[in-house]
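Visitor:
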Ligand code: UD1
Ligand code: UDP
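Numbering (the working numbering), first residue to last: 180 to 561.
1. With respect to 7 angstroms, is the separation between the Cβ of residue 422 and the closest non-hydrogen atom of the ligand UDP below this value?
2. Taking the alpha-carbon positions, what's the residue 355 to residue 409 distance?
3. Near residue 206, which residues of its chain fall below 6 angstroms by C-beta distance, leaving aside the five closest residues on each side in sequence?
4. Quick check: the stretch 350–364 against the stretch 373–385, are there 3 or more CB pairs under 8 angstroms?
5. Which residues have their C-beta within less than 5 angstroms of a heavy atom of the ligand UDP, listed in chain order?
6. Does the distance from the CB of residue 549 to the CB of residue 186 come in under 8 angstroms?
7. Checking 8 angstroms against the spacing of the C-beta atoms, do residue 276 and residue 299 come in under that value?
8. Thinking C-beta only, is residue 382 closer than 8 angstroms to residue 453?
9. Given this structure, state the Cα-to-Cα distance separating residue 260 from residue 422, to the nearest angstrom.
10. Return the residue from the list 556, 523 and 519 that minimises the CA-CA distance to residue 536.
11. For the alpha helix (DSSP H) containing residue 522, name the first residue and the last one.
12. Taking just the CA atoms, how far does residue 274 sit from residue 296?
13. Specify the secondary structure class of residue 290 as computed by DSSP and reduced to three states.
14. Any idea which residues DSSP pairs residue 276 with across the strands?
15. Considering only residues of the stretch 416–446, which uninterrupted beta strand (DSSP E) runs meet the minimum length of 3 residues and lie entirely inside it, listed in chain order?
16. Return the Cβ separation of residue 490 and residue 526 in integer angstroms, given the expectation that the two are a contact with Cβ distance under 8 angstroms.
17. Buried or exposed for residue 523, going by 16 or more other Cβ atoms inside 10 Å?
18. According to DSSP, is residue 385 part of a helix, a strand, or is it coil?
19. Out of curiosity, what's the CA-to-CA distance linking residue 439 and residue 413?
20. Quick one: residues in its chain with C-beta nearer than 6 angstroms to the C-beta of residue 558, no 5 flanking neighbours on either side, listed in chain order?
21. May I ask you to report which of helix, strand or coil DSSP gives residue 552?
22. Report the residue from 360, 290 and 553 whose alpha carbon sits nearest the alpha carbon of residue 233.
23. Based on DSSP bridge pairs, tell me the residues matched to residue 184.
24. Less than 8 angstroms between C-beta atoms, sequence neighbours within five positions excluded: which residues of the same chain meet that for residue 428?
25. Determine the DSSP secondary structure at residue 232, reduced to helix, strand or coil.
26. From this set, 309, 506, 441 and 337, which residue's C-alpha is nearest residue 599's C-alpha?
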């Protein structure tokens with residue numbers, strides 16, 4: 180074998196941000212024929228990432244419709260992948276993380292007897308319902324996959340507990356590779372609100388909230404706590420780029436509209452997002468990706484969830500679990516906004532998730548697996 184045909188499959192914004200640098204790394208190397216297939220489980224939010232990284236997919240299943248059920252997304256991805264895999268016949272399919280696209284992409288490859296590599300493998304909460312449906316998606320993909328690319332040693336240990344010990348590589352998270360290309364000193368923004376904010380005299384709080392298990396009462400609690408915070412702390416500006424999910428849009432506008440210091444804005448492109456994060460005071464989020472990015476940028480994070488599959492930054496002291504009840508969220512955030520020493524304890528750069536070399540390690544591991552390289556990559560060590 181002189182080269183391996185490797186297909187990346189992804190469909191949502193976070194998968195795209197974390198897979199784009201890897202797709203580009205594979206395309207750059209002579210030992211691979213790189214093919215890219217998007218399901219477009221997300222449309223606008225995916226296309227924005229493809230534009231920024233100048234990545235042109237070879238296949239686009241274009242499956243997105245408003246308010247799709249999980250079964251619809253999964254079945255459309257699965258049947259859509261049939262003809263793509265028939266036509267392209269890759270030697271390896273790479274999927275990322277834990278979305279419906281991830282699960283369906285891995286299952287489709289398995290049905291076609293094509294080996295699967297799982298990027299961002301081994302994250303677990305051990306709670307079937309949280310995050311929902313991601314915990315089960317990633318467990319299922321873990322049992323389908325032939326190659327496992329774990330961001331951290333703890334992720335490797337999680338797989339070992341499930342007796343997955345073969346072809347497991349510790350690589351760091353590719354999101355840190357992405358972050359190295361997007362953050363620019365003194366950047367200006369295309370989103371006008373972001374240029375008008377006073378980052379020196381005001382405390383800019385970056386908020387995101389979108390998870391399915393937070394739909395309903397938890398989201399109401401979170402939004403209510405955010406509005407109370409803005410009222411209680413006149414020196415804050417809350418910036419919330421609202422996910423395009425209609426459920427999230429409705430909740431955010433219902434509780435947070437018409438406040439002079441709460442800015443509900445459309446989703447930001449990834450470059451603007453990373454640069455806003457680099458300049459803000461505090462991050463409050465239920466996102467997975469932000470929990471990895473913010474610590475690398477020196478920003479404290481309050482996680483708007485009951486658990487996290489990313490305990491590394493909690494252990495490092497830069498991330499705290501705030502839960503999904505109004506009072507604890509308000510209390511924890513108030514403490515950070517009013518007690519400088521509490522804030523300083525959290526605001527130190529910790530980078531347990533990567534060193535910017537994850538894509539290189541993953542590509543090296545694939546090359547080694549196919550006999551295109553003599554040695555496996557060294558493990559990432561935090
Ligand atoms: C999905 C993933 C979740 C991930 C999140 C990242 C699953 C089950 N969930 O959740 O793990 O954290 O993406 O954001 O795979 N929409 C648009 N335009 C877009 C994107 C979304 O209009 O560009 C709207 C559509 O109405 C869509 C809805 O958002 O139906 C929800 O999207 P969906 O992919 O079903 O779920 P997410 O909540 O985004
Ligand atoms: N992100 C972005 N624009 C936004 C919100 C998030 O570019 O308006 C980026 C963020 O920096 C991170 C990723 O999207 O890299 C996280 O995606 P999301 O929160 O949708 O999903 P999760 O990580 O929770 O699966």
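A virtual CB, placed ideally from N, CA and C, is assigned to each residue, including glycine. Computed from a prediction, not measured in an experiment: that's the story for all the values here.
Guide: Taking the coordinates as given:
1. In this structure, the C-beta of residue 422 approaches the ligand UDP to less than 7 angstroms from one of its heavy atoms.
2. The alpha-carbon of residue 355 is positioned some 31 angstroms away from that of residue 409.
3. Only 213 meet the Cβ criterion.
4. Contact between the stretch 350–364 and the stretch 373–385 is absent, because fewer than three Cβ pairs lie under 8 angstroms.
5. 192, 193, 196, 420, 446, 447, 449, 452, 466, 467 and 468
6. no
7. yes
8. no
9. 26 angstroms
10. 556
11. 519–525
12. Computed Cα separation, rounded: 6 angstroms.
13. Helix.
14. Beta-bridge pairing by DSSP links residue 276 to no other residue.
15. 441–444
16. Actually they are not in contact, since the Cβ atoms of residue 490 and residue 526 sit about 19 angstroms apart, beyond 8 angstroms.
17. exposed
18. strand
19. 10 angstroms
20. 349
21. coil
22. 360
23. 212
24. So the qualifying residues of the chain are 421 and 422.
25. Helix at residue 232.
26. A query on residue 599 cannot be resolved here, the shown segment of the chain reaching from 180 to 561 and no further.
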